[in-house]
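One structure is given here, and the rest of the page talks about it.
Structure, rendered in structure tokens:
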């Protein structure tokens, strides 16, 4: 990281929860929200924020259940809660319009927000953040509500029996970070570990995200309603996908046709966290799009 002052920590209130975000200053510049994805945290954007803070007022929120917003939350209807939190952040900041860069789960949330409130978003960069393709959604819906809910209950009960994974040292957590994503440099893995882990009372370390979020809700919006939100987006949109990612690209499954104002760039030698894996190329594409 560059040797200059980092962000300040702030809180906003959503559904009586005090949620966390960091503010990179330059408050007279246009507002830019960087929204992280699942099992991540707001400080994973630090390299991106350092590059953009000169021209933008950069805000990076922690999703509820993540980072410094690690609050106890119900999992049922969680996507609705995430979207409300995002809308509440925009409302609290008080801007007429914002620009958004969002990753994975954060991209899914921001996409729904942008479809709900198209007038509030000037430009949108979505990094692998659409969720499963519609065909997969419809296959799950065809199973019926009863089987889905029963499986959700069973999975939640199993999750309650699991203990939070503990690492004897921060070095051990760092090694796990390196194993999870082989594209990361040592510096990136160290930084993500320092900001993504918390020390337990017994001196061990654990990741900050809530393990209950590993069991996804059984009651998301119907597929046609999600597509309706996609179609409602009017702002210029840039889709970014890594060719080595586990997330299927929208290039081959028809999803791009639901975004008339979007274009897609796919990255060689990049996985799901392509903004880490191919940082220089990512910044070039994003800055050109936002200019």
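Residue numbers (UniProt numbering): 1 to 291.
Beta carbons: idealized from backbone N, C-alpha and C, even for Gly.
Keep in mind it's a predicted model, so treat the numbers as computed, not measured.
CB of residue i within 8 Å of CB of residue j, strictly
| i | j | result |
| --- | --- | --- |
| residue 84 | residue 60 | no |
| residue 194 | residue 100 | no |
| residue 292 | residue 31 | This structure does not reach residue 292, given that the chain is present from 1 up to 291, and the question cannot be answered. |
| residue 256 | residue 126 | no |
| residue 93 | residue 111 | no |
| residue 282 | residue 290 | no |
| residue 159 | residue 200 | no |
| residue 292 | residue 24 | For residue 292 there is no data in the structure shown, the boundaries of the chain being 1 and 291. |
Reduced DSSP secondary structure (H/G/I, E/B, other) of residue i
| i | result |
| --- | --- |
| residue 193 | helix |
| residue 3 | Low confidence applies to residue 3: its pLDDT is 47, below 50, so where it sits in the model is not reliable enough to give any reading. |
| residue 133 | coil |
| residue 12 | strand |
| residue 264 | strand |
| residue 235 | coil |
| residue 53 | coil |
| residue 23 | strand |
| residue 215 | coil |
| residue 58 | strand |
| residue 38 | coil |
| residue 31 | strand |
| residue 229 | helix |
| residue 249 | coil |
| residue 77 | coil |
Same chain only: Cβ atoms within 6 Å of residue i, ignoring 5 sequence neighbours per side
| i | result |
| --- | --- |
| residue 66 | 41 and 209 |
| residue 152 | 218 |
| residue 105 | 37 and 38 |
| residue 188 | 276 |
| residue 3 | With a pLDDT of 47 at residue 3, under the threshold of 50, the modelled position of this residue cannot be trusted; read the value that follows with caution. So the list is empty, once near-sequence residues are dropped. |
| residue 9 | 22 |
| residue 68 | 20 and 62 |
| residue 18 | 11 |
| residue 89 | 12 and 61 |
Proximity winner among the options, relative to residue i (alpha-carbon distances)
| i | options | result |
| --- | --- | --- |
| residue 166 | 203, 35, 112 and 55 | 203 |
| residue 292 | 276, 253, 291 and 13 | Only positions 1 to 291 of the chain appear in this structure, which leaves residue 292 out of reach. |
| residue 241 | 263, 215 and 228 | 263 |
| residue 280 | 112, 78 and 47 | 47 |
| residue 107 | 142, 123, 56 and 35 | 35 |
| residue 221 | 6, 117 and 138 | 138 |
| residue 81 | 12, 64 and 275 | 64 |
| residue 224 | 55, 147, 289 and 141 | 141 |
| residue 227 | 132, 89 and 98 | 132 |
| residue 27 | 17, 5, 56 and 164 | 56 |
| residue 246 | 114, 128 and 53 | 128 |
| residue 115 | 271, 261, 149 and 266 | 261 |
| residue 50 | 186, 154, 5 and 266 | 5 |
| residue 91 | 161, 146, 13 and 157 | 13 |
| residue 272 | 186, 181 and 235 | 181 |
| residue 287 | 120, 78, 124 and 89 | 124 |
Beta-carbon proximity list for residue i, same chain, < 7 Å, skipping 5 on both sides
| i | result |
| --- | --- |
| residue 259 | 230, 233 and 237 |
| residue 164 | 206 and 211 |
| residue 293 | Residue coverage of the chain in this structure runs from 1 to 291, which leaves residue 293 outside it and unanswerable. |
| residue 78 | 217 |
Same chain only: Cβ atoms within 8 Å of residue i, ignoring 5 sequence neighbours per side
| i | result |
| --- | --- |
| residue 197 | 167, 170, 173, 205, 206, 207 and 208 |
| residue 313 | This structure gives no information on residue 313, because the portion of the chain shown stretches from 1 to 291. |
| residue 87 | 113, 116 and 117 |
| residue 149 | 218 and 219 |
| residue 251 | 241, 264 and 266 |
C-beta neighbour in chain D for residue i, strict 8 Å
| i | result |
| --- | --- |
| residue 227 | No chain D is part of this structure, which consists of one protein chain only. |
Length-filtered (4 minimum) alpha helix (DSSP H) runs lying within the segment 85 to 136: 105 to 116
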